[in-house]
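Chemist: The structure under discussion is supplied below as structure tokens; questions concerning it will follow.
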Amino acid sequence: MWCWRRMLRIPWNAFRTNKAILEELGITQRLSSIEQARILTFFGHVSRREEATTPLNVWWSKEESRAPDHAEDRP
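FYI, in the working numbering the residues of the sequence shown are 28 to 102.
Written out as structure tokens, the structure reads:
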């Protein structure tokens with residue numbers, strides 16, 4: 028929201044509601060709700076595939092990393 032206030036050059040101390048700013052810009056949906064809908068659509072698409080577990084495992088798996096202190100790394 029702050030980026031739209033900045034683009035419209037609205038001072039930080041001006042009392043303007045978020046709803047009024049969104050109406051001025053002509054935005055009907057929040058960006059976060061659009062993003063959430065796209066993510067859910069993607070996972071719905073992926074889960075219907077025959078090999079449904081592979082993309083989900085890639086998406087949700089933890090990155091393998093080594094512990095920060097290894098004796099073999101020291102000179």
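Positions of the beta carbon are idealized from the N, C-alpha and C atoms, including for glycine.
(1) Could you give the uninterrupted runs of the alpha helix (DSSP H) lying entirely in the segment 44-76, keeping only those of 4 residues or more?
(2) Can you check whether the CB of residue 28 is closer than 7 angstroms to the CB of residue 45?
(3) For the alpha helix (DSSP H) containing residue 31, list its first residue and its last residue.
Modeler: Taking the coordinates as given:
(1) 45-52, 58-74
(2) Result yes, Cβ atoms of residue 45 and residue 28 sit closer than 7 angstroms.
(3) 29-34
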